[in-house]
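The sequence shown lines up with residues 111 to 313 when you count with this note's numbering. Every residue, glycine too, gets a C-beta built ideally from N, C-alpha and C. Keep in mind the model is a prediction, meaning the values are calculated, not measured.
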Amino acid sequence: MIDIISAIMVNVLTALYQPFLFAVLTAYLFMYWYLFIVDNSRDPKNLKDSVLIWLRYFKASSKFRRLFFLAFYFTLILFKTLLNRNMWMNPLSNVIGQWSLYIIDNATGESRLTTECVENTMLFIPFCMLLLWWRDIKCDIIRTIYVGIKYVFLFSLSIEFTQLFFRLGTFQLSDLFYNTLGGLIGALLYWLFYRLNKYIDLK
111 MIDIISAIMV
121 NVLTALYQPF
131 LFAVLTAYLF
141 MYWYLFIVDN
151 SRDPKNLKDS
161 VLIWLRYFKA
171 SSKFRRLFFL
181 AFYFTLILFK
191 TLLNRNMWMN
201 PLSNVIGQWS
211 LYIIDNATGE
221 SRLTTECVEN
231 TMLFIPFCML
241 LLWWRDIKCD
251 IIRTIYVGIK
261 YVFLFSLSIE
271 FTQLFFRLGT
281 FQLSDLFYNT
291 LGGLIGALLY
301 WLFYRLNKYI
311 DLK
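Right, dumping it as structure tokens:
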């Protein structure tokens with residue numbers, strides 16, 4: 111059990127650590143584009159002025175911060191699922207995917223530990239929470255779960271089809287299931303935090 115938990119933690123932390131600076135820079139540039147192109151109310155005079163405006167906006171606007179964190183985590187997911195993948199000759203070689211913690215080695219016949227299903231679930235828990243937080247969802251638990259599952263499922267499906275078309279990994283139903291399961295758990299946690307925060311505010 112300790113080996114399983116250790117393997118999961120190492121793989122998840124590695125997936126987050128490797129593209130960290132890349133994700134921060136990408137999220138910053140995305141929010142820079144959002145601030146000065148989409149919201150063209152700002153007119154920076156030079157690079158220093160634009161950075162200062164960006165920082166002031168980050169400090170003052172909750173919506174801006176939420177979108178930044180979502181863009182940051184979105185980039186982490188894309189790096190793990192698409193940008194840092196090798197080409198596969200046959201992306202449909204394992205459509206069913208891996209559903210358990212152990213896989214049989216065809217060469218030796220021995221079973222070996224694989225934590226891919228748990229990692230896929232854990233990867234999408236924060237994503238769903240950040241997505242709902244950015245959208246500022248304030249509704250009952252059924253509606254919250256529906257919104258969370260819908261967006262995570264569609265996002266996961268788009269990743270799987272992108273992997274299929276560009277041969278960046280394999281199209282797997284198990285990935286789609288566990289990613290969506292992560293969305294379900296993330297939606298539940300978001301709703302619990304929302305209710306707890308609302309309860310504290312009422313006291």
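Next on the checklist: Once the 5 residues before and after Cys238 are set aside, which same chain residues still bring their CB inside 6 Å of it?
Outcome noted: If you number the sequence shown from 1, residue 238 lands on position 128. Here the set comprises Gly258, Val262, Gly293, Gly296 and Ala297.
Checklist entry - Just how far apart, CA to CA, sit Glu226 and Ala181? => result Position 116 of the sequence shown holds residue 226. Position 71 of the sequence shown holds residue 181. Distance between the alpha carbons of Glu226 and Ala181 is about 24 Å.
Checklist entry - For Met197, which beta-bridge partners are listed by DSSP? => result Reading the sequence shown from its first residue, position 87 is the one you call residue 197. BP columns for Met197 point to Leu278.
Next on the checklist: Quick check on the burial criterion: 16 or more other C-beta atoms within 10 angstroms. Buried or exposed for Thr218?
Outcome noted: Mapped onto the sequence shown, residue 218 falls at position 108. So Thr218 counts as exposed.
Next on the checklist: In this structure, how does DSSP classify Ser161 when only helix, strand and coil are distinguished?
Outcome noted: Walking along the sequence shown from the start, residue 161 turns up at place 51. Residue 161 is actually Val in this sequence, not Ser. When DSSP states are grouped into helix, strand and coil, Val161 belongs to the helix group.
Checklist entry - Apart from the five residues just before and just after Val122, which ones in its own chain have a Cβ nearer than 8 Å to its Cβ? => result Mapped onto the sequence shown, residue 122 falls at position 12. Glu229, Met232 and Leu233.
Item to check | For Thr254 and Val320, the rounded distance between their alpha carbons | outcome: Any property of residue 320 remains undetermined from this structure, which presents the chain solely from 111 to 313.
Next on the checklist: According to DSSP, is Cys249 part of a helix, a strand, or is it coil?
Outcome noted: Taking the first residue of the sequence shown as position 1, residue 249 is located at position 139. Cys249 falls in the coil class under three-state DSSP.
Checklist entry - Helix, strand or coil: how does DSSP classify Ile206 here? => result In the sequence shown, counting from the first residue as 1, residue 206 sits at position 96. Residue state, collapsed to three classes: coil.
Checklist entry - What number of angstroms, rounded off, separates the C-alpha of Leu202 from the C-alpha of Gln208? => result The residue given as residue 202 occupies position 92 in the sequence shown. The residue given as residue 208 occupies position 98 in the sequence shown. Each residue's alpha carbon lies about 13 Å from the other.
Checklist entry - Would you report the Cα separation of Leu177 and Trp244, rounded to the nearest angstrom? => result Residue mapping note: residue 177 aligns to position 67 of the sequence shown, counting from 1. Residue mapping note: residue 244 aligns to position 134 of the sequence shown, counting from 1. Roughly 6 Å separates the two Cα atoms.
Checklist entry - Can you find at least 3 beta carbon pairs, one from the region 187-200 and one from the region 262-281, that sit closer than 8 Å? => result Taking a contact to require three or more Cβ pairs closer than 8 Å, the region 187-200 and the region 262-281 qualify as touching.
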